[in-house]
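See below for the structure under consideration.
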Amino acid sequence: MENENCFHCGLETKDTQYVIEDKLFCCNGCKTVFEILNQHELNCYYDFERSPGVIPKELKNKYNYLDSSEIVEKILDFYDGQTCVVEFYIPSIHCSSCIWVLENLDRFNAGVKNSLVNFPQKTLRVTYKESEISLKQLVEFIASIGYEPQISLEDSVGVKKTVSNALIYKISIAAFVFGNIMLLSFPEYFEIQEFWLERYKNVFRYLNFVMILPVVFYSATDYYISAYKGLKNRMLNIDVPITLGVIALYLRSVYEIVFDVGAGYFDSLAGLIFFLLLGKIFQQKTYNYLSFERDFKSYFPIAVTAITKDGKEISKQIQHLKLGDRILIRNEELVPVDGIMINGEATLDYSFVTGESYPIKKESGEKIFAGGKQLSGLFEMEVIHEVSQSYLTQLWSSDIFQKDTHKSIKTHIDKVSKYFTIVVLTIAFSAAIYWYFTDVSKAVYVFTAVLIITCPCALALTSPFALGNILRIFGKNRFYLKNAQVIEALTKINTIIFDKTGTITTNQQKAVNTENIELNVDEKRVLKTLLRNSNHPLSRIVYESVKEPILEDKITAYNELTGLGIEGKINDFNLRVGSSKFLGLNQHEPNETRVYVEINNQLKGYYSMKNTYRQGIEQLFLNLYPKYELIILSGDNEGEKERLLQMLPPNTQLEFDKKPIDKLNFVRELQDNGKRVLMIGDGLNDAGALAQSNVGIAVSDDVNVFTPASDGIIDAKIINKIPQLLNISHQTLTIIKTSFVFSFLYNVVGLYFAVTGQLTPLIAAILMPLSSITIVIYVTFLTNFISRKQ
Amino acid sequence: MEVVYITIGVSVIIAIIFFGVFLMNLKKGQYQDTYTPSVRMLFDDEEKSNKTVKKEKSINKESITKL
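For the protein sequence lines, the chains are Z and C, in the order given.
For the first sequence, the positions run 1 to 790 when the working numbering is used.
For the second sequence, the positions run 1001 to 1067 when the working numbering is used.
In C-alpha cells:
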C-alpha cells in the first residue's frame, strides 16, 4: 500500500474495499474517475500533483435538459452548424493536474477539437464538432471525472459579461506618448539659444504636437465625460479642475507652437494624463474569481424535469414553469420554485438561503420554498408560484435591485474639489485682472499658467493610491472589496447588523449536547456501531461525539427510514435512533434539533444540537461596542435568544423571525432614521438587506463557492478582525486628508511661479511629476505602515 | 545635421511598430490569463514520456479488468 490516503482525492481512506493494484481509494466515485482516466490514457493526471482529484458527485439524469436544442443554443458561445464553442465555469479547478486533464479532453473524444483552461477565472473553453459529441455527453464526461461545470440560469438569460480593456488601451497609449515626448522635449529644456536646436526645433515640436493628439482626444476622455456629468448635476467634482487644466495645457501649447512662441507643455500634459490613469488602474483591483453581483440566477438550474399530464418526463426551462405544473427534483438538485410536496422523500439543505446547514425534512402536503437542495432520493412537487414570484426570488423584484446605479456616496475628494475649483478660478481671474492692468501681454499667459500648475494631479492621485493599496492589503487578508469607494463608505458606518445563522455561527462543527442522555459504555458502543452505517448528517455528528470504540459484531435487521431515523439489532441490543416521531413520542419538537435514542424499547434520552458560534465572536462584539450600534437580525426563531443575551454586550438589539423582505425593510427603516448601516450576512435571504445597506458584506467559509451580491466578501476565519479592518479604513482616510495638505503646499509653490509670470515648461515638467510621485510614495508607505501595525 | 530627420524618424517608426504589436496582442487577449500558460508549457515533455506510459497501460488495463 502506498499510503493511507485516497490516491485520487487525498482524503483519508476508511474502508479498504476500493483498491486498484496498489492504489487505495476512499470511495467508489474516486475509483471510477481513476478508471475512466486510465481508460482514456489520461493517467498523467496523477504525475503533476499528489492526489489532485475531486470526488465526483452523483449525476444521474442531471443534465437531461441539455437534450433540448433551445437550451443548448443559449449556452453555446458560438455555433456555425457544425463547430461549437462553449465556455464553462468550473469551480473545482484548483491545480496543474486539473489544467492538464481538462486540456486533453481530445483523448477522450476525437470530437473535441480544442480545450483551453483559464486558471485564474476557473473557466474551460471547449471547441467541438457537434456531429461527433453532444453537449450533454461532453458535460457528463467532464462532470464524471469530478469537474462539474456550473451551468446556471444566468448563462441562459444571456447577458455575457464583456471585459473592457479600454482603460488598458488608454494608459498604454498615454505611457507610450509620455515617454517619447519626454525624450523629444529634452533638448529644449536647456539650450534653447543654441544654433542647431534653433534650426531643428520645429521637428521636435511638431512631432510632439502630433503625438499628443491621441492622448488628449482618446486617453483623457473619461475625465471630460465625468466633468461634464458633474457639472450637469451641479457638482464640481475633481474632474472639473483636471479638465480645465488639460484644456489650458493643450490650447496654450498649441498656441505657443503655432506662433513660434515657445515649446509648449506637451510633456507635462502627457505625464499628467499618464499618472492620472495610473492611479485609476491601481485603484481597480479586481478579483476575477469572485463575483459581487450574483443573484439567485447564478445558482438556480436552467431546467428541471417536469411531468406531463400523461405521465411523461420532459425537460422544462424554469422560466416556463406555470402554476400547477408537476416537477421532479432529484438528488443534488435545487428546488427552483415554491411548491407543495406531492410524494417521495425530501431532505432539503437550505444553506444557500439561510446559512443553516442542517437539512430539513418535508413530507407530502407540506409547502416547499425555493432554494433548497435535495439531499436524498427524489420527490415530486406541484408548482404554486412561478420563479419570479417565489418567496425568495420576489426579493429581487424590489426596486433596490432594479436600480443600476451603485450606492452613491459623496466621497471626500468631491467635497474638497468643490472648494478647490472655486479658489483656483478666483486666483486665476484675479491674477489675470492684475496683469491686465500692469502688462496686458502677460494676462492670458498668467491665467493659463495658474490653471496648468494647479491642475490637481497629486490631489487626484492620493485617493486612488491610498485606497487601492488598502484594497490589496485587505485582499491579502481575505477581505475582498468590490471597489475602493467601499473603504470610504466603511468609515461612515455607525450601525452594524449581523445575521445569525452562518454568519456568527458556523456551518460546520455542531456541538452536541449530551446532558439529556445517559448511556453506559456498552450502550454507547452499540450506538456508535449502528450510526456508522448511516450517512445522515445528524448520524455523523452523533457518531463523532461518541468517543468509545465501535464493535466488530454484525448488525442485523438494519433499516434506515428517510426523514425519520434508523433501527437495527446488535447482539442483544435492539436500537431505534431518530426523531421523536420515529419513536412514537407525542412530543412537540422544540426550538432545537434532537436525536432520540431507544434501546430495547426503553427511551434513553436525546442528543441535542446547538449552534456553535464562531471563535472570537464575543470579543468581536465587545470590540465594536459601544462605538457602533449592534443589531442581530435573524430569520430563525427565538431559540437562541437567552444565549445571545448572555454572550453579547448590553444594548445589542435582537430581532428574530425576519423574512428576507423584512430584513430589507428593517435596514431601510434604520436608514430613514439617519443610521448608516453595515450589514454582515451570508445567505441569499440576506441579499436584500445587503443590497439596501450602505455597505453589505458577505461572510463565506469558502469564498470561491457561494456569496450573495454584496459590496465585499470576508473569509469567515477573519470575521473577528472586523474592528481592526474598520480602524484601518478610518486611518486611511486620515492619511488621505494629510496628503491633501501636502498637495496644496505644492500648489502654493507652483502658484508663486504662475502668478508672477515665471512658469516655464521646464518648471512645470519638474514640479508636476515631482509632486505626484512624492504624494504616491507618502500614501503607499503610510498605508502599509498602519496595516502592519494592526 | 540633416541626419536628425532620419534618425528621429526611424526611431519613432520603430517605436510605433512595437507599440502596434503590443496593442494587437492586447486585443488578442494575451494578457487576460497570465498564469495558465506558465503551467501549460511544462506539459509538452510529459506527453512525450506518455508513450512509455502507454506500454505500461496494457498491464494496467488487465489489472482493472481483474478487479
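We treat Cβ as the ideally placed atom computed from N, Cα and C, and that holds for glycine.
ask   = What does L207(Z) touch in chain C if you count any residue whose Cβ is under 8 Å from its own?
value = I1008, V1012
ask   = To which residues does DSSP link T732(Z) through a beta bridge?
value = Partner(s): none; T732(Z) has no beta bridge.
request  = List the residues of chain Z whose Cβ lies closer than 8 Å to the Cβ of V1003(C), in chain order.
outcome  = Neighbours of V1003(C) on chain Z: none; closest Cβ ~11 Å, over 8 Å.
request  = Can you give me the Cβ contacts of Q617(Z) inside the same chain, cut-off strictly under 6 Å, excluding the 5 residues immediately before and after it?
outcome  = A small correction: the amino acid at residue 617(Z) is Ile; Gln does not occupy that position in the sequence shown. If we look at I617(Z) and ignore the five residues flanking it on each side, its Cβ neighbours are I504.
ask   = Apart from the five residues just before and just after G757(Z), which ones in its own chain have a Cβ nearer than 6 Å to its Cβ?
value = K442, V446
task = Determine the extent of the alpha helix (DSSP H) in which R525(Z) is found, giving its start and end residues.
result = 521-531
task = In the DSSP assignment, find the beta strand (DSSP E) that holds R125(Z) and state where it starts and stops.
result = 123-129
request  = Could you round the C-beta distance between F292(Z) and K492(Z) to whole angstroms and report it? I think they count as a contact, below 8 Å.
outcome  = That belief does not hold up - the Cβ atoms of F292(Z) and K492(Z) are roughly 20 Å apart, past 8 Å.
inquiry  = If contacts are defined as beta-carbon pairs under 8 Å, then L277(Z) and A174(Z) qualify, I think. What distance do you get, rounded to the angstrom?
reply    = Contact flag correct, Cβ pair sits at about 6 Å.
ask   = Is F379(Z) helix, strand or coil when you go by DSSP?
value = strand
ask   = DSSP state of V159(Z), grouped into three classes?
value = For V159(Z), the predicted structure reports a pLDDT of 43, less than 50, and the residue's modelled location is therefore unreliable. A value from the coordinates is still provided. Residue state, collapsed to three classes: coil.
message = As a quick exercise: from S253(Z), L272(Z), K113(Z), pick the residue whose alpha carbon is nearest that of G179(Z).
response = L272(Z)
ask   = Can you give, in chain order, each stretch of the alpha helix (DSSP H) that sits fully within the region 700-788 of chain Z and has at least 4 residues?
value = 722-755
task = Output yes if chain Z places a C-beta closer than 8 Å to the C-beta of V1039(C); else output no.
result = yes
key: Test: N180(Z) CB closer than 8 Å to a CB of chain C   = Contact with chain C is found for N180(Z), since one of that chain's Cβ atoms lies less than 8 Å from the residue's Cβ.
query = Skipping 5 residues on each side, what residues in its chain have a beta carbon closer than 8 Å to that of T83(Z)?
reply = Cβ neighbours of T83(Z) beyond the five flanking positions: K113, T127, Y128, K129, E130.
task = State the beta-bridge partners of K658(Z) as determined by DSSP.
result = In the DSSP output, where bridge partners are listed per residue, K658(Z) has none listed.
request  = Over the uninterrupted beta strand (DSSP E) stretch that includes R107(Z), give me the two end residues.
outcome  = Segment: none, R107(Z) is in no beta strand (DSSP E) and carries neither H nor E.
task = Under 8 Å by Cβ, that's how I've got E382(Z) and I340(Z) pegged, so tell me the actual separation to the nearest angstrom.
result = 5 Å
ask   = For a contact meaning CB atoms closer than 7 Å, what does V117(Z) contact in chain C?
value = T1036
request  = From the DSSP output, in three-state form, read off P650(Z) for me.
outcome  = coil
ask   = Just curious, the beta strand (DSSP E) that G578(Z) is in, first and last residue?
value = 573-578
request  = Return the Cβ separation of L782(Z) and I735(Z) in integer angstroms, given the expectation that the two are a contact with Cβ distance under 8 Å.
outcome  = 5 Å
ask   = So what's N5(Z) in DSSP terms, helix, strand or just coil?
value = strand
key: Start-to-end residues for the beta strand (DSSP E) that takes in R326(Z)   = R326(Z) -> beta strand (DSSP E) spans 326-329.
request  = Alpha carbon to alpha carbon, how far is I257(Z) from I1008(C)? Give it in angstroms, no decimals.
outcome  = 19 Å
inquiry  = Given a cut-off of 8 Å on the beta-carbon distance, is the pair S315(Z) and T308(Z) in contact?
reply    = no
inquiry  = I'd like to check one pair, T495(Z) with K675(Z): are the Cβ atoms closer than 8 Å?
reply    = yes
Run of the beta strand (DSSP E) containing K362(Z), from where it starts to where it stops = 359-362
task = State the Cα-Cα distance for the pair G372(Z) and Q319(Z), rounded to the nearest angstrom.
result = Across the structure, G372(Z) and Q319(Z) are spaced so that their CA atoms are roughly 18 Å apart.
query = From N118(Z), Q284(Z), L620(Z), pick the residue whose C-alpha is nearest to that of L725(Z); which is it?
reply = L620(Z)
request  = Identify every run of the alpha helix (DSSP H) within the region 231-263 of chain Z, keeping only runs that are complete inside it and at least 4 residues long; order them along the chain.
outcome  = 239-258
request  = Quick one: using the 10 Å Cβ neighbour count with 16 as the cut-off for buried, is D835(Z) buried or exposed?
outcome  = Past the edges of chain Z, shown from 1 to 790, lies residue 835(Z), and the structure says nothing about it.
query = With E41(Z) and R107(Z) assumed to form a contact (beta carbons below 8 Å), what rounded beta-carbon distance in angstroms separates them?
reply = 6 Å
task = Quick one: measure Cβ to Cβ for D711(Z) and G696(Z), integer angstroms, because I've assumed they're closer than 8 Å.
result = So it is a contact: roughly 5 Å between Cβ atoms.
query = Just curious, the beta strand (DSSP E) that V112(Z) is in, first and last residue?
reply = 112-118
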